[in-house]
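This note's numbering puts the first residue of the sequence shown at 1474, with every later residue one more than the last. We put the beta carbon where it would ideally sit given N, CA and C, even for glycine. Here the structure comes first, spelled out in structure tokens, and everything after it is commentary.
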Amino acid sequence: MDAINMLARLKYRLSRIVRRENGSSIVELAIVFPILLILFVGSAELGRLFYTYTTLAKATKVGARYLSTSRNAVNGTATQIANAKTAAKSLVVCGFPNCTNQPPIVPGLTTANVNVCDNFAVACVPAIPAGPIKYFKVEIKNYTYSAGVFNLSAMTGLANSTFYFPLIPATKMRYMP
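Quick look at the structure:
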């Protein structure tokens, strides 16, 4: 009889444990939390990507506006034209006509990434028609956005283990004499 009572009590206790829902919400949280965390961090990283692209696009607009309103960019000597283009590149990179001791607006951006085109430049694709300068095109080339949170190369030490996104914003403006 004792064995039967003991089995009955054990069966009763096991059925109570199975029926209880204490702690089930913690288990659900443990299952769902990593997925929610990855979604949250991914959306924040996507927002950072859009912010970087928008910042670069606005910077090209500032550079193109500077050239389109500068008389030296069109009617100046070769040195004045080169200085105007250099100032426009600096405006794109750091927001000032001279980038000495100024941080770039976006990490990793240099004046080598900025391409300034006019009617006489062959570096523009598609090319701007020849003739008197009517348009200036400022574009950013060879700038690669690397993810901050999902940067696997920083964790593993491998150079090719991260997603890189080339950002190529450009702005074309008409010269306003």
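Query: As a quick exercise: from Val1505, Ser1488, Phe1523, Ile1511, pick the residue whose alpha carbon is nearest that of tyrosine 1618.; Result: Phe1523
Query: So what does alanine 1643 bridge to, in DSSP terms?; Result: Glu1612
Query: Based on DSSP bridge pairs, tell me the residues matched to serine 1619.; Result: Tyr1637
Query: Have a look at Val1622, Phe1638, Val1587, Leu1519 and flag the residue whose alpha-carbon is nearest the alpha-carbon of asparagine 1644.; Result: The amino acid occupying residue 1644 in the given sequence is threonine; asparagine does not appear at that position. Checking every option, the nearest Cα to that of threonine 1644 belongs to Val1587.
Query: Tell me which residue opens and which closes the beta strand (DSSP E) that asparagine 1556 is part of.; Result: Taken as a continuous stretch (DSSP letters only), asparagine 1556 belongs to no beta strand (DSSP E), being part of the alpha helix (DSSP H) at 1551–1567.
Query: Starting from the Cα of glutamate 1518, find the closest Cα among Thr1533, Val1622, Lys1484 and give me that residue.; Result: Val1622
Query: Using 8 angstroms for Cβ pairs, my map puts glutamate 1612 next to isoleucine 1641. What's the rounded Cβ distance?; Result: 7 angstroms
Query: Which value, in whole angstroms, describes the spacing of the CA atoms of proline 1507 and leucine 1529?; Result: 33 angstroms
Query: Which two residues bound the contiguous alpha helix (DSSP H) that contains valine 1514?; Result: 1497–1542
Query: Closest by CA to leucine 1564, which one among Ile1554, Ala1551, Lys1531?; Result: Lys1531
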